[in-house]
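Notes to accompany the following structure.
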Amino acid sequence: MSNQKADPNKQQWEDSEFPVVCETCLGDNPYVRMTRDSYGKECKICSRPFTVFRWLPGTNMRYKKTEICLTCAKLKNVCQTCVLDLQYGLPVQVRDQALNVESEAPNSDVNRQYFAQNIAGKDISTSNYDPAKASPENRDMLRRLARNEPYYKRNRPHICSFFVKGECTRGVECPYRHELPGGDSELAQQNIKDRYYGNNDPVANKMLSRVRSTGSSLNPPEDKSIASLFVTGVDEEITENDFRQYFCVFGQIKSVVVVHRSKCAFINFATRSAAELAAQRVGDTGLNIKNRPLRVAWGKARPKGPKSDTNKPCEWFTLQTNQLKEETKRAMLIEICI
Ligand SMILES: [Zn+2]
Ligand SMILES: [Zn+2]
Ligand SMILES: [Zn+2]
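Heads up: the sequence shown begins at 1437 in this note's numbering, then just goes up one per residue.
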């Protein structure tokens, strides 16, 4: 034991109590049982031995384990398993492009270990990845691309390669998936280092080209009776009048309802075309009032009630605001077995 401690190299190895993983990788089961293997494998990025956690993210899913060490994960603010950004669930390349972040970590294998050793145990600042630093357009792009809900399908078993060739004889007993390769096969085949450093990541490239070609996220809803925009992130400083001033150029405004308690507002236009015009503008440039970036979505028709009290937020307000707050993590119990 004392011999191990005396090894100066091993002192720099990473032994962690808890993994840093995203909600998708944890799975939908609120109780996750993990095994913990100190120095179980080499980190796929810095190649230092690290603590490997392994767990089953739900029934009919495949076992997941941490692939990169905690230090490397913290450095890029990514999940130790899927190596996607922890806040947005996006590939590093997409996030860094949107936030205009230059990588601090060395790209050469020689320096990587040294760098990781130096940084290990120190408090790593993730302020690099603060969306406040991005331009309104880029922030809007992040918001559009971000995955706000866990995507558990990603945890399914890999596709059975024998089945694809028509040669699997295991039938229902086969632990792999019996279907033909579809959309998410790219993520599985991707090189982990490329994903981590955001180099030529095929998934990222696909996402970025999609966002460039579609432009605005504010595609008008099918229901032509909808002529309202829903704004969130509205603090006390922003008044009804601010909205009127900003939006009046697009056409006649029927009403503006600001609910500071729920940090949201409803801009009701008199015509659909005015609303579409406003949505187009906001989708292109983002909405920024009094230096505050606001989020805009198409509204829904107000539920028809016996009376409409504008001081009281209707059901829909509360519902939408709560949904937006859902980005916060759900409580989870993780049992670690050694
Ligand atoms: Zn590492
Ligand atoms: Zn993950
Ligand atoms: Zn099979």
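Glycine included, each C-beta is placed from N, C-alpha and C at the ideal position.
For ligand 1, I want to know if C1482 counts as a neighbour, meaning its beta carbon is within less than 7 angstroms of at least one of the ligand's heavy atoms.
Indeed, a heavy atom of ligand 1 lies less than 7 angstroms from the Cβ.
Identify the residues that DSSP records as bridge partners of D1473: which are they?
V1488
Can you check which of these residues, N1641, S1645, R1728, P1617, is closest to V1667 by C-alpha distance?
R1728
Give the DSSP bridge partners of K1501, in chain order.
In the DSSP output, where bridge partners are listed per residue, K1501 has R1490.
Okay, do the segment 1530-1537 and the segment 1571-1579 touch, 3+ Cβ pairs below 8 angstroms being the bar?
yes
Can you name the start and end residues of the alpha helix (DSSP H) that N1574 belongs to?
In the DSSP annotation of this structure, the continuous segment of the alpha helix (DSSP H) that includes N1574 starts and ends at 1572-1581.
Please tell me whether R1592 and G1525 are closer than 8 angstroms, where the distance is taken between their beta carbons.
no
Buried versus exposed, by CB contacts within 10 Å (16 or more), G1735
buried
Pick from G1476, V1695, Q1688 that is closest to E1672, judged by C-alpha positions:
The residue among G1476, V1695, Q1688 with its C-alpha nearest the C-alpha of E1672 is V1695.
Span separating the alpha-carbon of V1718 from that of S1698
A direct Cα-to-Cα measurement between V1718 and S1698 gives close to 21 angstroms.
So which residues touch the region around ligand 3, with touch meaning a C-beta under 7 angstroms from any heavy atom?
C1596, F1598, F1599, C1604, R1606, C1610, Y1612, H1614
Residues in the same chain with beta-carbon distance under 8 angstroms from H1787, minus the five sequence neighbours each way, listed in chain order, please.
Past the edges of the chain, shown from 1437 to 1774, lies residue 1787, and the structure says nothing about it.
Check F1683 in the structure and name its three-state DSSP category.
helix
For a quick check, are the C-beta atoms of V1514 and L1522 less than 8 angstroms apart?
yes
What residue range does the beta strand (DSSP E) around L1520 cover?
For L1520, no beta strand (DSSP E) run applies, since DSSP gives it neither H nor E.
Classify L1581 as buried or exposed, calling it buried when 16 or more other Cβ atoms lie within 10 Å of its own Cβ.
buried
N-terminal and C-terminal residue of the beta strand (DSSP E) that A1733 is part of
1728-1734
Near ligand 2: C1515 beta-carbon under 7 angstroms from a heavy atom:
yes
Quick test of your reading: R1490 and T1471, contact by CB under 8 angstroms. State the CB separation rounded to the nearest angstrom.
Between R1490 and T1471, the beta carbon gap of about 5 angstroms places them in contact (Cβ cut-off 8 angstroms).
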